[in-house]
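In what follows, a structure is listed as C-alpha cells, so that the remarks can point back to it.
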Amino acid sequence: MLLCVSCTKQQQSSVINVQWSFSGDTAYNYIAQQVAFGPRVPDTQAHQACGDWLISELQRYGIGVSEQHGTMMNYAGKPQAIRNIIGHIPGNTPTAILLCAHWDTRPWSDEEEDYDNRFTPILGANDGASGVGILLEIARQLQILRTTNQSAQIPTIDVIFFDAEDMGTPSHYTGKERENTWCLGSQLWSTLYQQTPVSQRTNYQYGILLDMVGDPSATFPREYFSTTYAGSYVELIWRTAARLGYGRHFVNQAAYPITDDHYYVNTIAGIPCVDIIDYKPQNGTGFAEWWHTQQDNMQNINKQTLQAVGETVITTICSR
Ligand SMILES: [Zn+2]
Numbered sequence: 480m481l482l483c484v485s486c487t488k489q490q491q492s493s494v495i496n497v498q499w500s501f502s503g504d505t506a507y508n509y510i511a512q513q514v515a516f517g518p519r520v521p522d523t524q525a526h527q528a529c530g531d532w533l534i535s536e537l538q539r540y541g542i543g544v545s546e547q548h549g550t551m552m553n554y555a556g557k558p559q560a561i562r563n564i565i566g567h568i569p570g571n572t573p574t575a576i577l578l579c580a581h582w583d584t585r586p587w588s589d590e591e592e593d594y595d596n597r598f599t600p601i602l603g604a605n606d607g608a609s610g611v612g613i614l615l616e617i618a619r620q621l622q623i624l625r626t627t628n629q630s631a632q633i634p635t636i637d638v639i640f641f642d643a644e645d646m647g648t649p650s651h652y653t654g655k656e657r658e659n660t661w662c663l664g665s666q667l668w669s670t671l672y673q674q675t676p677v678s679q680r681t682n683y684q685y686g687i688l689l690d691m692v693g694d695p696s697a698t699f700p701r702e703y704f705s706t707t708y709a710g711s712y713v714e715l716i717w718r719t720a721a722r723l724g725y726g727r728h729f730v731n732q733a734a735y736p737i738t739d740d741h742y743y744v745n746t747i748a749g750i751p752c753v754d755i756i757d758y759k760p761q762n763g764t765g766f767a768e769w770w771h772t773q774q775d776n777m778q779n780i781n782k783q784t785l786q787a788v789g790e791t792v793i794t795t796i797c798s799r
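Mapped onto our numbering, the consecutive letters of the sequence shown carry residue numbers 480 to 799.
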C-alpha cells in the first residue's frame, strides 16, 4: 500500500465564523456501538445491522440519508456487493464539503504474527469505526447548529460512509494479482460521481477522510496524496489543529503515499480530498501495532484523541 515520498506546502488563511460543539464522549459511544455489532464484514448479518443502525442514527437527528448500491470486483475477481451510506446536511452558504470514513471492517487479521490467527475478522474499533464515530458526532452537532442558530453560516456537508474499503488482497492469497482491490466503495462512488453531468452533481470544494483516528498516541503526518492533490486544505487543517493545541497529533511531517479512499476521490472524482490517518513511520507496516490484528479494539480508543480530531475537522469546515 505504500509507494514513494515527497511533500509540498501551500498557504491558506482561515477565519472562524461559527461556534460549534463537539463531544469526544459521544463519538466514543458511537464507536462502541459499532464494535458491539461485531466485525462489520460485507455480506454478514452484523454488517447489514450496523448499516441499518447508521442510517437510523442519521435519520434520528433529522438528517436526510441516501444509499448507493452497486457491485465491484474483489481481489479474487468475484463480484462484491457495495452499500455506501450518505447523509445530507444542507447549509446556507454556496460551499459544499465532503466528509468520509469507511464503515466496513477487514475480514482477516492478516498482520497477526501467528499464521493460524490471520483468518479471523478484526473488530475495527480504530480501522473503520473511529472515523465513522467522529463523523456521526459532527453530523449531529451541525444538525443542532443549523436548526437552532439561523444566523450561523454553515456550508452544505455530505457525510459519506464508504463500504468495502478493507477488502484488499489478503496476505495469504496466492491467486492472480489484481490492482485496486482496496477502497471498493469509494471507487464505486467516485466513478458514479465522475459520470454524473456537472450540472446535476454537488460541486464539492474539498473533502476530508478520517481513517484510524482514535489511538491515544495517534499521529497524523501530512500524507503524500493529500498534499499532492489537496495541499491548500492540508495546510488549512494542520494549521487549525495547531491553533487548537493539537499539534502533537497533527504533526508537521510528510508521510508516504497511502492508498485509502481519498486516493480515488482525488483521482477519479476529481475532488481535492485530505486523509487524516494515523501513520507510524517507525513501524515496519507504517501503522500502529494493532493494525489488522485482533488488538484493534476499544482498548486503543481514546476520548481525547477523538476530541482533537473532531474539533479540528468541525472548526476547519466552519472556517472560511
Ligand atoms: Zn484497514
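A virtual CB, placed ideally from N, CA and C, is assigned to each residue, including glycine.
Just so you know, these numbers come straight off a predicted model, no measurement behind them.
*At which residue ranges does the stretch 643-690 contain complete beta strand (DSSP E) runs of 3 or more residues, listed in the order of the chain?*
Correct list: 685-690.
_Once DSSP output is grouped into helix, strand and coil, what is the label at residue 514?_
Residue state for residue 514 is assigned as helix, using DSSP reduced to three classes.
*Taking the alpha-carbon positions, what's the residue 701 to residue 728 distance?*
About 11 angstroms.
_Three-state class that DSSP yields for residue 722 in the structure shown_ = DSSP places residue 722 in helix when its eight states are reduced to three.
*Within 10 angstroms of the Cβ of residue 608, are there 16 or more other Cβ atoms? Answer buried if so, exposed if not.*
Per the 10 Å Cβ criterion, buried.
*Helix, strand or coil: which one does DSSP assign to residue 544?*
Looking at residue 544 - three-state DSSP - the assignment turns out to be strand.
*Near ligand 1: residue 771 beta-carbon under 7 angstroms from a heavy atom*: Yes, Cβ of residue 771 sits closer than 7 angstroms to a heavy atom of ligand 1.
*Does DSSP classify residue 641 as helix, strand or coil?*
Looking at residue 641 - three-state DSSP - the assignment turns out to be strand.
*Can residue 752 and residue 688 be called in contact, C-beta distance under 8 angstroms?*
Going by C-beta atoms, residue 752 is nearer than 8 angstroms to residue 688.
*Would you list the residues sitting across from residue 751 in a DSSP beta bridge?*
Beta-bridge pairing links residue 751 to no other residue.
_CB-CB length for residue 630 against residue 748, believed under 8 angstroms_ = Cβ-Cβ separation between residue 630 and residue 748: approximately 33 angstroms, too far for a contact (criterion under 8 angstroms).
_N- and C-terminal bounds of the beta strand (DSSP E) containing residue 567_ = Taken as a continuous stretch (DSSP letters only), the beta strand (DSSP E) holding residue 567 covers 558-568.
*Would a C-beta distance cut-off of 8 angstroms place residue 572 and residue 620 closer than the cut-off?*
Taking the C-beta atoms as reference points, residue 620 is found no nearer than 8 angstroms to residue 572.
_Residue nearest to residue 709 in terms of C-alpha spacing, selected from 750, 736 and 722_ = Relative to the Cα of residue 709, the nearest Cα in the group 750, 736 and 722 belongs to 750.
*In chain order, what residues of the same chain have a beta carbon less than 8 angstroms from the beta carbon of residue 544, not counting five sequence neighbours either side?*
Cβ within range, chain order: 534, 537, 538, 564, 565, 566 and 567.
*How would you call residue 611, buried or exposed, if buried means at least 16 neighbouring beta carbons within 10 angstroms?*
Residue 611 comes out buried.
*asked:* So for residue 701, helix, strand or coil by DSSP?
replied: Note: residue 701 maps to strand in three-state DSSP.
*Give every residue of the same chain whose Cβ lies closer than 8 angstroms to the Cβ of residue 541, excluding the five residues on either side of it in the sequence, and list them in chain order.*
Here the set comprises 622 and 626.
_Short Cβ contact (8 angstroms threshold) for residue 559 with residue 691_ = Going by C-beta atoms, residue 559 is not nearer than 8 angstroms to residue 691.
*Quick one, which of 762, 528 and 757 has its alpha-carbon nearest residue 730's?*
Taking only the C-alpha atoms, the option nearest residue 730 is 757.
*Cβ of residue 645 within 7 angstroms of any heavy atom in ligand 1?*
For residue 645, the CB falls within less than 7 angstroms of some heavy atom of ligand 1.
*asked:* For residue 754 and residue 775, which I take to be in contact (beta-carbon distance under 8 angstroms), what is that distance rounded to the nearest angstrom?
replied: So it is not a contact: roughly 18 angstroms between Cβ atoms.
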